[in-house]
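In the UniProt record's numbering, the protein residues as written are 239 to 520. All residues carry an ideal CB built from backbone N, CA and C; glycine is no exception. Treat the numbers as computed from the prediction; the structure is a model and nothing was measured. Contents: one structure, followed by commentary.
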Ligand code: C2E
Ligand code: MG
Ligand code: MG
Ligand code: MG
């Protein structure tokens with residue numbers, strides 16, 4: 239009788255240990271540790287003026303650098319970060335990283351700007367605004383060099399978002415709607431938002447020079463942005479044909495693999511020095 243009891247207790251203990259270690263390694267647990275240990279880095283993807291091919295700045299794109307050196311893409315952890323509230327800590331780390339990575343570059347060339355992604359949670363309150371102001375303090379970076387990107391899908395409370403974005407503009411930051419076309423996107427809805435720029439979602443750029451039903455929507459989005467006097471950034475530009483199409487329609491800026499992918503800060507700084515000459519070989 240004693241033998242089976244011993245085996246049972248052993249199995250129970252092993253089961254408990256496995257359960258505890260799994261629990262310790264839950265995705266949320268890992269992300270909490272990553273935030274505590276500041277395991278994030280930022281890559282920068284150039285944004286190019288389509289007319290001239292000149293690099294006018296970059297979008298800051300966060301990556302989670304795991305202790306084994308591997309990089310985790312934001313799509314794999316931002317949703318969990320938003321759900322759990324860890325996102326505000328990650329946003330703060332991204333802001334600090336952008337300033338420490340690019341301070342010299344942004345001060346040396348005031349025509350450059352950096353776009354920072356804000357999550358739904360960030361836009362829901364004004365909490366992030368003093369965080370940015372504090373990060374910029376004593377740097378010489380000007381507020382207008384900072385673009386804040388917010389996705390309309392993320393607006394849980396539209397009134398709160400509107401007031402945060404309006405306040406951001408009062409403070410001198412530029413505000414862009416990200417992934418435009420994937421959310422509500424009605425003209426009347428946009429008219430009420432305090433905006434400087436609109437980033438057309440990659441899914442619309444993909445349809446350029448195809449005959450899909452969506453491809454007929456892209457010119458309307460461009461017209462809509464022009465009616466509202468917004469700057470336009472086309473995201474996910476991969477082919478010369480797309481860039482030519484956009485240039486013909488006076489779209490201001492492009493971002494995508496045709497020009498350059500996201501890259502580490504040092505590489506972006508070198509890229510910028512070179513890319514005061516046209517990028518993407520116009
Ligand atoms: P997003 O803001 O729309 O950023 C553009 C994404 O498209 C980036 O993916 C970029 O690498 C990718 N991309 C750019 N050009 C091309 C192209 O020509 N072809 C293709 N196929 N893809 C292209 P990434 O870096 O994986 O970021 C994914 C999303 O994660 C971002 O979409 C943004 O919503 C979110 N994200 C990134 N960084 C942050 C951050 O610091 N905070 C928050 N809240 N979200 C972030
Ligand atoms: Mg973005
Ligand atoms: Mg985008
Ligand atoms: Mg996108």
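>> Would residue 323 and residue 345 be called neighbours here (beta carbons separated by less than 8 Å)?
In response: Position 85 of the chain shown, counted from the first residue, corresponds to residue 323. Position 107 of the chain shown, counted from the first residue, corresponds to residue 345. Cβ distance not < 8 Å, so residue 323 and residue 345 don't count as in contact.
>> Assuming the contact rule is C-beta atoms closer than 8 Å, residue 259 and residue 320 should be a hit. Round their C-beta distance to whole Å, please.
In response: The residue you call residue 259 lines up with position 21 of the chain shown. The residue you call residue 320 lines up with position 82 of the chain shown. The pair is not a contact, with the Cβ atoms about 27 Å apart (cut-off 8 Å).
> Between the C-alpha atoms of residue 384 and residue 351, what's the straight-line distance to the nearest angstrom?
Replying inline: Taking the chain shown and counting its residues from 1, one reaches residue 384 at position 146. Taking the chain shown and counting its residues from 1, one reaches residue 351 at position 113. If you draw a straight line from the Cα of residue 384 to the Cα of residue 351, it is about 6 Å long.
> Is the closest heavy atom of ligand 1 to the C-beta of residue 385 under 7 Å?
Replying inline: On the chain shown, residue 385 is found 147 positions in, with the first residue counted as 1. Every heavy atom of ligand 1 is 7 Å or more from the Cβ of residue 385, so no.
>> Please determine whether the Cβ atom of residue 322 lies at a distance below 7 Å from any heavy atom of ligand 1.
In response: The residue you call residue 322 lines up with position 84 of the chain shown. No, since every heavy atom of ligand 1 falls outside the 7 Å radius drawn around the Cβ of residue 322.
> Between residue 360 and ligand 2, is the CB less than 7 Å from at least one heavy atom?
Replying inline: As a working mapping, residue 360 is identified with position 122 in the chain shown. Outside the cutoff, so no.
> Of the choices 508, 488, 477, 449, whose alpha-carbon is the least far from that of residue 497?
Replying inline: Taking the chain shown and counting its residues from 1, the one referred to as residue 497 is at position 259. The shortest Cα separation from residue 497 among 508, 488, 477, 449 belongs to 477.
>> For a test of the three-state rule: what should DSSP assign to residue 376, helix, strand or coil?
In response: Residue mapping note: residue 376 aligns to position 138 of the chain shown, counting from 1. DSSP places residue 376 outside both helix and strand once states are collapsed to three, so it counts as coil.
>> According to DSSP, residue 569 sits in a beta bridge with which residue or residues?
In response: In the structure as shown, the chain starts at 239 and stops at 520, and residue 569 therefore has no counterpart that could be examined.
> Between residue 490 and residue 289, what straight-line distance do the alpha-carbon atoms span, to the nearest angstrom?
Replying inline: On the chain shown, residue 490 is found 252 positions in, with the first residue counted as 1. On the chain shown, residue 289 is found 51 positions in, with the first residue counted as 1. If you draw a straight line from the Cα of residue 490 to the Cα of residue 289, it comes to about 7 Å.
> Would the C-beta of residue 416 count as close to ligand 5, meaning under 7 Å from any of its heavy atoms?
Replying inline: Ligands in the displayed structure: ligand 1, ligand 2, ligand 3 and ligand 4; ligand 5 is not one of them.
> Just how far apart, CA to CA, sit residue 382 and residue 480?
Replying inline: Here the question's residue 382 lines up with position 144 in the chain shown. Here the question's residue 480 lines up with position 242 in the chain shown. If I take the Cα positions, the gap works out to 29 Å.
>> DSSP three-state label for residue 246, please.
In response: The residue labelled residue 246 in the question sits at position 8 within the chain shown. Per DSSP, reduced to three states, the secondary structure at residue 246 is helical.
> How many angstroms separate the CA atom of residue 456 from the CA atom of residue 433?
Replying inline: Translated into the one-based positions of the chain shown, residue 456 becomes position 218. Translated into the one-based positions of the chain shown, residue 433 becomes position 195. Across the structure, residue 456 and residue 433 are spaced so that their CA atoms are roughly 20 Å apart.
> Pick from 251, 485, 502, 273: whose alpha carbon is nearest that of residue 287?
Replying inline: Taking the chain shown and counting its residues from 1, the one referred to as residue 287 is at position 49. A check of alpha carbon separations from residue 287 across 251, 485, 502, 273 identifies 485 as the nearest.
>> My output table needs one value for residue 343: the three-state DSSP class, helix, strand or coil.
In response: Within the chain shown, numbered from 1, the residue matching residue 343 stands at position 105. In this structure, DSSP gives residue 343 a helical state, which the three-state scheme calls helix.
>> Can you check which of these residues, 372, 347, 316, 341, is closest to residue 392 by C-alpha distance?
In response: The residue given as residue 392 occupies position 154 in the chain shown. Closest option to residue 392, Cα to Cα, is 316.
> What is the DSSP secondary structure of residue 517, counted as helix, strand or coil?
Replying inline: Translated into positions along the chain shown, residue 517 becomes position 279. Low confidence applies here, because residue 517 scores a pLDDT of 48, under 50, leaving its location unreliable; read the following figure in that light. The answer is coil: DSSP assigns residue 517 none of H, G, I, E or B.
> Pairing CB atoms from the segment 267 to 287 with CB atoms from the segment 322 to 340, are three or more of them under 8 Å?
Replying inline: Below 8 Å, enough C-beta pairs join the segment 267 to 287 and the segment 322 to 340 to call them touching: three or more.
> Taking just the CA atoms, how far does residue 418 sit from residue 403?
Replying inline: By one-based count along the chain shown, residue 403 stands at place 165. By one-based count along the chain shown, residue 418 stands at place 180. Cα to Cα, residue 403 sits roughly 16 Å from residue 418.
>> Can you tell me whether residue 476 sits near ligand 3, meaning its C-beta is under 7 Å from at least one heavy atom of the ligand?
In response: Here the question's residue 476 lines up with position 238 in the chain shown. It does not: the Cβ of residue 476 is nowhere closer than 7 Å to a heavy atom of ligand 3.
> Within 7 Å: the Cβ of residue 469 and any heavy atom of ligand 3?
Replying inline: Counted from its first residue, the chain shown places residue 469 at position 231. Outside the cutoff, so no.
> Taking the alpha-carbon positions, what's the residue 332 to residue 304 distance?
Replying inline: Within the chain shown, numbered from 1, the residue matching residue 332 stands at position 94. Within the chain shown, numbered from 1, the residue matching residue 304 stands at position 66. Cα to Cα, residue 332 sits roughly 16 Å from residue 304.
> Using the C-alpha atoms, what's the distance from residue 313 back to residue 471?
Replying inline: Locating residue 471 in the chain shown gives position 233, where the first residue counts as 1. Locating residue 313 in the chain shown gives position 75, where the first residue counts as 1. Going from the Cα of residue 471 to the Cα of residue 313 covers about 21 Å.
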